[in-house]
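Residue numbers (the numbering used here): 1073 to 1335.
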């Protein structure tokens, strides 16, 4: 069975170590990988993962274009990479950059409200959502108990305001506040990836959340370089769902989220 990893971070070789160390400090975790593309490919070799959605996060507006260029370049060199762009709330001309990203071949956007220091429903980001609604999907980091930036109630507001926006609420909608994620998002029109969730929730709670949301809405993600993708996939498979359910969660749902057929 082919597998799409919907949630992967990569960085240019020359800054990867610094970036990975920064993420490790932000979450107070020991990072698994080097954060480079070569490190990713080595870590997932033989795991069954065949496609990766790759992205990075702009912490400043002047980083947006260079990050998007980097992601696009990696995808041109590797057919099985699917690039997602970044955006920053203070970027001057969002529509122009969206169009440039489409020309670069990028297939969606990824925002990390907590590390970017912006509410997910901030008025400055509404222009992005309006411009990509019905055109490109978006991944949101969601549900860190330490911050309100990515709280599920903020995502619910965005989903109601943009009913045709295709959204992945990463980390099962709120890895650290699962009850609130269910309260606000269980019946909303969005996908949920399992990245950086199972090790905190445990097997039983992970199964409960996935079954509540439904197999048609779940995506696999490993959150490299925080975690090892091969181990994360093994953990996900150990939850014991049916073959039909895994075919949806590991492949077909990703095609639906991305709006494209994968080979």
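By construction, the Cβ of each residue, glycine as well, lies at the ideal position given by its N, Cα and C atoms.
Item, Value
"Looking only at DSSP bridge pairs, what is residue 1155 linked to?", "1126"
"Using three-state DSSP, classify residue 1214 as helix, strand or coil.", "coil"
"What three-state label does DSSP hand residue 1219 in the structure shown?", "coil"
"How would you label residue 1223, buried or exposed, when you count the other beta carbons within 10 angstroms and need 16 or more for buried?", "buried"
"Apart from the five residues just before and just after residue 1080, which ones in its own chain have a Cβ nearer than 8 Å to its Cβ?", "1112, 1124, 1125, 1126, 1127, 1293, 1294, 1295, 1296, 1301"
"Does DSSP classify residue 1228 as helix, strand or coil?", "helix"
"For the region 1219-1234 and the region 1243-1262, state whether three or more C-beta atom pairs, one from each stretch, are separated by less than 8 Å.", "yes"
"Check this for me: beta carbons of residue 1205 and residue 1237, under 9 Å apart or not?", "yes"
"Can you say whether residue 1091 is buried or exposed, counting buried as having 16 or more other CB atoms within 10 angstroms of its CB?", "buried"
"Is the beta carbon of residue 1215 less than 9 Å from the beta carbon of residue 1189?", "no"
"Whose CA, out of 1208, 1255, 1203, 1218, lies closest to the CA of residue 1227?", "1255"
"Under the DSSP definition of a beta bridge, which residues are partnered with residue 1241?", "1212"
"Excluding the five sequence neighbours on either side, which residues of its own chain have a C-beta within less than 6 Å of the C-beta of residue 1162, listed in chain order?", "1133"
"Can you list the beta strand (DSSP E) stretches of 3 or more residues lying completely in the region 1088-1129, in chain order?", "1121-1127"
"Check the C-beta distance from residue 1121 over to residue 1305 and give it rounded, since I have them as a contact under 8 Å.", "6 Å"
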